[in-house]
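Trainee: I am attaching a structure below and will ask some questions about it afterwards.
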Amino acid sequence: MSRVDLHLHSNASDGRLSPEEVVRESARRGLRVIALTDHDTVAGVGPALSAAKDFPELTVIPGVELSTDEPQGEVHVLGYFIDYTDAELVARLDRMRGSRRERAQAMIAKLGDLGVDIEWARVQEIAGAGSVGRPHLAQAMLEKGYIGSLKEAFTEYIGRDGPAYVERRKLTPAAAVELVARFNGLPVLAHPLTTHDPEAVVARLKAVGLVGIEAHYKDYSPAEVARLLDLAEKHGLAATGGSDYHGLDDAAEVIIGGADVPLSAAERLIALARRGVSG
């Protein structure tokens with residue numbers, strides 16, 4: 264069990280646990296540094312930081328995960344130590360969540376055409392106060408017996424190549440990096456091996472302010488981690504990591520602290536924040 268997890272989601276976006284529960288579970292598991300990185304929202308950061316006051320041995324880093332797009336596919340950018348109280352940032356993120364709602368409704372319509380009938384009202388209930396995402400559609404599909412697992416929803420219907428997939432308005436990767444830096448955050452490339460060409464993406468984003476890459480990511484093999492550590496060293500970037508925990512399927516997911524992230528990864532990130540590297 265790692266003492267560090269820098270990629271966690273709560274029900275402020277598409278996770279199952281509340282921000283407070285994420286903090287309590289992290290403390291229970293003996294973690295020392297975590298980051299709450301919900302999709303396109305910082306709404307859970309304040310509650311997480313408040314909950315952390317009961318656990319002085321646990322450091323909670325405010326964060327966000329931004330979904331971006333380019334012709335070759337999605338690129339996700341994590342923003343650590345971002346100024347989550349800035350009204351302009353909150354407004355920008357709210358507009359991004361609006362595009363998530365529009366996309367979800369369009370996907371429900373496509374699913375209906377395929378004979379998979381789920382209701383928007385139920386998807387909203389599942390999402391609660393969080394940002395609507397594809398996992399919420401998957402849960403609604405599972406409830407009605409259209410699929411046998413959450414994974415099946417993505418492989419058969421709502422994954423990027425699925426018949427019910429709908430694209431949404433997104434930032435470019437470079438714009439996401441610049442947005443994080445603008446609000447005093449540290450931009451880090453999430454799960455780099457999901458990008459079309461990690462080396463090219465890293466080089467391009469480094470030029471606009473990228474400070475790290477997620478090398479220690481849940482089920483990456485030792486060889487993949489080593490490859491990404493070499494890439495980080497080559498470009499002078501910090502190597503972060505995390506479980507990408509959502510809590511939707513504990514039987515299949517890597518649990519909180521389940522990714523092998525060294526304490527030094529968190530220490531370097533904290534040092535960069537203290538030096539004001541993002542500008």
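Every number in our numbering is 263 more than the matching position in the sequence shown, counting from 1.
C-beta atoms are modelled at their ideal positions from N, C-alpha and C, and glycine is treated no differently.
Since the structure is predicted, the reported quantities are computational estimates derived from the model, not experimental observations.
Just mark residue 303 as buried or exposed, buried being the case when its beta carbon has 16 or more other beta carbons within 10 Å.
Mentor: buried
Trainee: Flag this pair as yes or no: are the beta carbons of residue 476 and residue 495 separated by less than 7 Å?
Mentor: yes
Trainee: Sort out for me which residues DSSP pairs residue 330 with in a bridge.
Mentor: In the DSSP output, where bridge partners are listed per residue, residue 330 has 339.
Trainee: If you measure between the beta carbons of residue 498 and residue 469, is that distance less than 7 Å?
Mentor: yes
Trainee: What does residue 536 pair with, by DSSP beta-bridge criteria?
Mentor: Paired residues: none, contrary to the question.
Trainee: Any contact between the region 344–355 and the region 315–322? By contact I mean 3 or more CB pairs, one from each, below 8 Å.
Mentor: no
Trainee: Counting pairs of Cβ atoms below 8 Å between the region 327–337 and the region 441–459, do you hit three or more?
Mentor: yes
Trainee: Please state whether DSSP places residue 303 in a helix, a strand or coil.
Mentor: coil
Trainee: With DSSP as the reference, identify every bridge partner of residue 296, one or two as the case may be.
Mentor: 267 and 322
Trainee: Relative to the alpha-carbon of residue 269, which residue among 424, 526 and 404 has its alpha-carbon at the smallest distance?
Mentor: 526
Trainee: Is the separation between the beta-carbon of residue 437 and that of residue 471 shorter than 7 Å?
Mentor: yes
Trainee: Within the continuous alpha helix (DSSP H) that includes residue 399, where are the two ends?
Mentor: 397–406
Trainee: Closest to residue 280 by C-alpha separation, out of 266, 372, 393 and 466, would be which residue?
Mentor: Among 266, 372, 393 and 466, the Cα nearest to that of residue 280 is on 393.
Trainee: Determine the direct distance from the alpha carbon of residue 486 to that of residue 423, and round the result to whole angstroms.
Mentor: 26 Å
Trainee: Let me know the secondary structure DSSP gives residue 542 once reduced to three states.
Mentor: Interpretation of residue 542 is limited by its pLDDT of 46, a score under 50 that renders its predicted location unreliable; no figure is taken from the coordinates.
Trainee: From this set, 378, 363 and 453, which residue's C-alpha is nearest residue 386's C-alpha?
Mentor: The shortest C-alpha separation from residue 386 is found at 363.
Trainee: Return the Cβ separation of residue 354 and residue 324 in integer angstroms, given the expectation that the two are a contact with Cβ distance under 8 Å.
Mentor: With 8 Å as the limit, residue 354 and residue 324 do not qualify as a contact, their Cβ atoms being about 23 Å apart.
Trainee: Using a Cβ-Cβ cut-off of 7 Å (strictly less than) and excluding sequence neighbours within five positions of residue 366, which residues of its own chain qualify?
Mentor: 429 and 431
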